[in-house]
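Structure first, then comments.
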Amino acid sequence: MTKILIVEDEAGLVTLLKYNLEKQGYDTAVVMDGKDVMTTALVEKPDLILLDWMLPGVPGIDLCRDIRKTYELRSTPIIMLTARGEEADKVRGLSYGADDYMTKPFSVPELMARIAALLRRAMPQPVEENLSFADITMDFAKRRVLRGDKQIHLGPTEFRLLQFLMEKPGDVLSRENLLKSVWGGSIHVELRTVDVHIRRLRCALGEPDIIRTVRSAGYALDLNASEEGES
0 MTKILIVEDE AGLVTLLKYN LEKQGYDTAV VMDGKDVMTT ALVEKPDLIL
50 LDWMLPGVPG IDLCRDIRKT YELRSTPIIM LTARGEEADK VRGLSYGADD
100 YMTKPFSVPE LMARIAALLR RAMPQPVEEN LSFADITMDF AKRRVLRGDK
150 QIHLGPTEFR LLQFLMEKPG DVLSRENLLK SVWGGSIHVE LRTVDVHIRR
200 LRCALGEPDI IRTVRSAGYA LDLNASEEGE S
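For the record, in the sequence shown the residue sitting at position 8 is 7 according to numbering that gives the first Met the number 0, with numbers rising by one throughout.
If you want it as C-alpha cells, here you go:
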C-alpha cells in the first residue's frame, strides 16, 4: 500500500489530511515535530511526504534540504504545505528540493490530484529500452541515470523532465509544453516552476551543460549548450 508521511503540527489539518488520504486508499504516518521527521522517514520509508514549512523543532524548508541529501530518501517526492504564498518563497521551496508546493488554505481535491500525479511520475516507467544522449544514459528498468560511469541521483520530477527532453533531442520545448507533459495538463503549476526544476536538473547533471536555454522559447538538449538568459 502506498504510504504518505504527513509532517504537520496543526492537529485539525492532520485529521483532515489523514481522513482524505485514507479514503483514497493510502496508508499514512504522522509527524508533528520537525526534530522527529528524519528518523520517522527512514523507518517508515514513505512513497511521498507532505511537508509543512513552519514546524516546531526544525523548519520544514531545512528538512526538505536534508531529505534530498539523505541517500535513502533523496528520490522521495515532497509536496510543501505552507501559508507563505509569495513567489520568492515558492521558488525557495522548490530550490531546496520540493517537487510541488501548495499554499494554505488549499483545496483538498486539488491536493489529492497533485499527490496522484506526483506518485505517477515517481513510478518506474514501463519502457524497456534505455535512452541515451551524449554521455548520459537513462536506464528505465533500474530507474537509474548515468553520466559516463557516474550515477546521477534525480528526484521524480527531474527524472521525468530529463526523460522528456531526451525523447526529443535538439527540439526546443516551451515551458507550456514541459508543464503539460511532465506535470500534467489538469494540474495548475506556474511557468516559473519549470525554470527551477531545470536549474536543479542542470546542477545534478554537472558539466558540461547540455540543456540550452532559448530566450522566450524554452529549453533544448544541445551538445553545445550555452546560457542565453531567462525569458
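Don't be surprised by glycine CBs; every beta carbon is placed ideally from N, CA and C. Note that the coordinates shown come from a computational prediction; the quantities given were computed from them, not determined experimentally.
Assuming residue i and residue j form a contact by the criterion Cβ under 8 Å, report the distance between their Cβ atoms to the nearest whole angstrom.
{"i": "T38", "j": "I5", "result": "No, T38 and I5 are not in contact; Cβ-Cβ is about 15 Å, not under 8 Å."}
{"i": "V13", "j": "V36", "result": "Actually they are not in contact, since the Cβ atoms of V13 and V36 sit about 14 Å apart, beyond 8 Å."}
{"i": "T81", "j": "M53", "result": "7 Å"}
{"i": "R120", "j": "G96", "result": "Not quite, the Cβ-Cβ distance comes to about 15 Å (not below 8 Å), so this is no contact."}
{"i": "A49", "j": "L16", "result": "For clarity, residue 49 is Leu in the given sequence; the question names Ala instead. Yes, L49 and L16 are in contact; Cβ-Cβ is about 7 Å, under 8 Å."}
{"i": "R142", "j": "Q150", "result": "Rounded, the Cβ-Cβ distance is 11 Å, inconsistent with contact."}
Do residue j and residue i count as a contact pair if the criterion is CB distance below 8 Å?
{"i": "I209", "j": "Y218", "result": "no"}
{"i": "M165", "j": "L220", "result": "yes"}
{"i": "R146", "j": "D138", "result": "no"}
{"i": "G56", "j": "K89", "result": "no"}
{"i": "E86", "j": "R191", "result": "yes"}
{"i": "P45", "j": "I3", "result": "yes"}
{"i": "L204", "j": "L177", "result": "no"}
{"i": "G168", "j": "F132", "result": "Looking at the sequence provided, one finds Pro at residue 168 rather than Gly. In this structure, F132 lies closer than 8 Å to P168 by Cβ."}
Exposed or buried, what is residue i when buried is set at 16 or more other beta-carbons lying within 10 Å of its beta-carbon?
{"i": "Q23", "result": "exposed"}
{"i": "C63", "result": "buried"}
{"i": "D148", "result": "exposed"}
{"i": "E7", "result": "buried"}
{"i": "G267", "result": "As displayed, the chain neither begins before 0 nor continues past 230, which places residue 267 out of reach and without an answer."}
{"i": "V107", "result": "exposed"}
{"i": "Y18", "result": "exposed"}
{"i": "F158", "result": "buried"}
Go through its chain and collect everything with a Cβ distance to residue i's Cβ below 8 Å, but skip five positions before and after it.
{"i": "L117", "result": "L47, P76, I78, D98, D99, P155, T156"}
{"i": "S94", "result": "V195, R198, R199"}
{"i": "E21", "result": "T27"}
{"i": "R201", "result": "D208, I210"}
Residues in its own chain within less than 6 Å of residue i by CB, not counting five upstream and five downstream?
{"i": "H152", "result": "R73"}
{"i": "R174", "result": "L190, V193, G217"}
{"i": "M31", "result": "D8"}
{"i": "Y25", "result": "T1, I3"}
{"i": "T102", "result": "G84"}
{"i": "S180", "result": "F163"}
{"i": "A224", "result": "D208, I209, I210, R211"}
{"i": "T136", "result": "N129, L145"}
Kindly examine the ligand ZN and report whether one of its heavy atoms sits closer than 7 Å to the Cβ of residue i.
{"i": "G33", "result": "Ligands in the displayed structure: none, and consequently the ligand ZN is not present."}
Near residue i, which residues of its chain fall below 7 Å by C-beta distance, leaving aside the five closest residues on each side in sequence?
{"i": "D259", "result": "Absent from the structure is residue 259, since the part of the chain shown begins at 0 and ends at 230."}
{"i": "D65", "result": "M37"}
Problem - Length-filtered (3 minimum) beta strand (DSSP E) runs lying within the stretch 154-221 - result: 210-213, 217-220
Problem - alpha helix (DSSP H) runs contained entirely in the stretch 7-47, provided each spans 4 or more residues - result: 10-22, 36-43
Problem - Start-end ranges of the alpha helix (DSSP H) lying completely within the stretch 92-121, minimum 4 residues - result: 107-121
Problem - Residue ranges of each alpha helix (DSSP H) within the stretch 50-100, 4 or longer - result: 59-68, 86-94
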